[in-house]
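Heads up, the thing below is written out as structure tokens.
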Amino acid sequence: MHGKDLLGQLIQDLCCLPGVGPKSAQRMAYYLLQRNRQGARQLANTLLSASQTIGYCEQCQTLSEQKLCRICSDTSRDQAVICIVESPGDVWAVDQAGAFKGIYFVLHGHLSPLDGIGPDELGLDKLTQKLIAGTVDELILATNSTVEGEATAHLIAELARKYKVHASRIAHGVPMGGELEYIDSGTLAHAFNGRKEI
Amino acid sequence: METSVYLQPGYILQHRPYRESSLIIEVLTRDFGKISILAKGVRKPKSKVAALLRPFTLLSLSYLGRSELRTLTQVELVQTSPPLPGLALYCGFYINELTGHFLHKYDPHPEVFQLYQACLVQLSENSAIEPVLRNFELNLLDNVGYGLSLAFDEQHRRPVSTAKKYIFSADSGPVEALNGTVAGQTLLALHTRTLIGSETLAGAKKLMREVIDFHLQGKPLKSRAVIAKIAASLQSKDTPREVVGTDDLA
């Protein structure tokens, strides 16, 4: 369709985005070049500077341009409660929910023995250092509700027990507004096992 | 070759993301052996199937297709299996990797399916993990054609004796030797699947490791390395190994 000219190259490069195939990439390229060159220039500049300056927070490993991210440097937050999540996207999701006022720790993945991903790849040594330092009161394990997520949560819970730090796992079960009839049996079984007194 | 299969019992051994919203799962089925199935669209936010496609649970799968990669059409939960507790969960991954390595695709092994199922039940019952793993390894090898001769010394033409030492090789079995590294007792315990005592268990672990490595021909078992690392990270200097008990595979 497009050869090895600059336009073809642009379309091909846009395909690196998730959810963007050749067709939508082509649409984006044409739009930027025909209707919004200013926007294209700005996008290019922002992308360039973002890819150069955004790194990882020293404390929680989430994406941040500063050495300490916005959440870790916020003094009004409880620095003694750490919520463990799998990805920076999860930080955003938990923060949006507004129920948590502590700080985070991002693993950038989960324990996956079959892919050779173990404690070292998840930066657990960094977490261990924090636990040893004794500044942590509670770990909240908000890893995904997959088997790998459970395995990760279990491993970190063991670590917490070793250093005598309280660890808890987020609950999972029936979603808000969910009707039991339409909920899959796995989730429902889990909800029953994790029921609590009222 | 059948084009569509309905309600086949199976366990997921491994899964990996495919494209934007799909998943490729490797399944151990009862009647068709190990197969790969493409589960389309299950990683979308509204997917109801995602919660079901978990390893270590017995599923009932319907799929179709002639190509090497079948397409999942329906999946149901047969029964909620009891969750694997702690360490047994990591060992579950090891069992999955081992099964995946030793079975060829589309090679039916109903006995291995039974073994796998029994092994998961035993692991979830929180009994001693090591004998369960060793028995599974032995039975798996037996079923895929790598069965070990454990109780008879072919070279000297006599049964293995508990009091003697042996050198063991995966293809020719035990040979009596004064400088042998394997105790006769360990061999007989493996043979009768009755592993008791820490010394026997340690010997059996070492032996099975060598045998498995021999058959894998240099392919690494990733889960074994990860479990060793997990064990190391949980180990503290003042806790004796048996207390933490994570040394099972390492």
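Those protein sequences? They're chains S and V, same order as listed. No gaps in the numbering here: position 36 of the first sequence is 36 in the working numbering, and each next residue is one more. The working numbering runs 1000 ahead of the 1-based position in the second sequence. C-beta: ideal position from N, C-alpha, C; glycine also.
Buried versus exposed call for His1156/V [16 or more other C-beta atoms within 10 Å across all chains shown]: exposed
Distance between Ala29/S and Leu10/S (C-alpha atoms, nearest Å): Cα-Cα distance, rounded: 7 Å.
Chain-ordered residues of the region 176-192 of chain S with a beta carbon less than 7 Å from chain V: Asp184, Ser185, Gly186, Thr187, Ala189
Enclosing alpha helix (DSSP H) for Tyr1090/V [first to last residue]: 1087-1102
Contacts of His154/S in chain V (Cβ-Cβ under 7 Å): By Cβ distance, chain V contributes Gly1086, Leu1089.
Length of the line joining the Cα atoms of Arg161/S and Leu1084/V: 19 Å
C-alpha distance - Ile1196/V paired with Met1208/V, whole-angstrom precision: Taking C-alpha positions only, Ile1196/V is separated from Met1208/V by approximately 16 Å.
Same chain, Cβ closer than 8 Å to Lys67/S, neighbours up to 5 away in sequence not counted: Shown here for Lys67/S: same chain residues with a beta carbon closer than 8 Å to its own, the five before and five after excluded, namely Cys57, Glu58 in chain order.
Near-chain V residues of the region 9-31 of chain S - C-beta to any C-beta below 7 Å: Pro18, Gly19
Candidates Glu1020/V, Ser1081/V, Gly1041/V, of which the one nearest Gly1010/V by Cα: Ser1081/V
Identified DSSP bridge partners for Gln1074/V: Ser1062/V
Interface positions of the region 1115-1143 of chain V facing chain S (Cβ-Cβ less than 9 Å), listed along the chain: none
Ranges of the alpha helix (DSSP H) found wholly within the region 1196-1224 of chain V, counting only runs of at least 4: 1198-1216
Val85/S to Arg1193/V span [Cα, whole Å]: Going by the C-alpha atoms only, they are around 42 Å apart.
Min CB distance Glu1242/V to chain S below 7 Å: Its pLDDT being 41, under 50, Glu1242/V is placed unreliably in this model, and the coordinates cannot settle the point.
Neighbouring residues, chain V, relative to Pro88/S (Cβ below 8 Å): The contacting residues do not exist; Pro88/S stays about 18 Å from chain V at best.
Span of the beta strand (DSSP E), counted from its first residue to its last, around Pro1174/V: 1173-1176
Proximal residues of chain V, C-beta to C-beta of Val199/S below 7 Å: No information on residue 199/S is available, as it lies outside the stretch 1 to 198 that chain S covers here.
Inter-residue spacing [alpha-carbon to alpha-carbon] between Leu155/S and Asp137/S: Rounded to whole angstroms, the separation of the alpha carbons of Asp137/S and Leu155/S is 18 Å.
Ala1183/V - DSSP class collapsed to helix/strand/coil: strand
Where Cys1119/V falls: helix, strand or coil (DSSP): helix
Every unbroken alpha helix (DSSP H) within the region 126-194 of chain S, with a cutoff of 4 residues, ordered by chain: 147-162, 185-193
First through last residue of the beta strand (DSSP E) which encompasses Lys1034/V: 1033-1039
Minimum Cβ-Cβ distance from Leu107/S to chain V less than 7 Å: no
Under 7 Å between C-beta atoms of Phe100/S and Ile82/S: no
Other residues of its chain near Ala1183/V: CB distance less than 7 Å, five sequence neighbours each side excluded: Lys1165, Gly1203
Selected residue, minimal CA-CA separation from Ser1251/V, among Ser1047/V, Ser1060/V, Ile1037/V, Arg1043/V: A question about residue 1251/V goes unanswered here, because the residues of chain V that appear run from 1001 up to 1250.
CB contact flag (Leu1007/V, Ser1062/V, <7 Å): Yes; because the gap between Cβ atoms is below 7 Å, this pair is in contact.
Whole runs of the beta strand (DSSP E) within the region 53-127 of chain S, excluding any shorter than 3 residues: Here the runs fully enclosed are 78-85, 102-106.
Nearest to Gly1041/V (by Cα), restricted to the options Lys1034/V, Phe1032/V, Leu1053/V: Leu1053/V
Member of Ile170/S, Ala133/S, Pro18/S whose CA lies at the smallest distance from the CA of Asn144/S: Ile170/S
Pairwise C-alpha distance: Leu1148/V and Gln1185/V: 16 Å
Best match in Pro1174/V, Ile1095/V, Arg1158/V, Ser1223/V for proximity to Val1121/V [C-alpha to C-alpha]: Looking at the Cα atoms, Ile1095/V is the closest of the given residues.
Nearest-angstrom Cβ-Cβ length linking Asp1153/V and Val1144/V, presumed shorter than 8 Å: Rounded, the Cβ-Cβ distance is 25 Å, inconsistent with contact.
Which residues DSSP lists as bridging Pro1159/V, in chain order: Phe1152/V
Residue-chain proximity (Leu139/S, chain V), Cβ-Cβ < 7 Å: no
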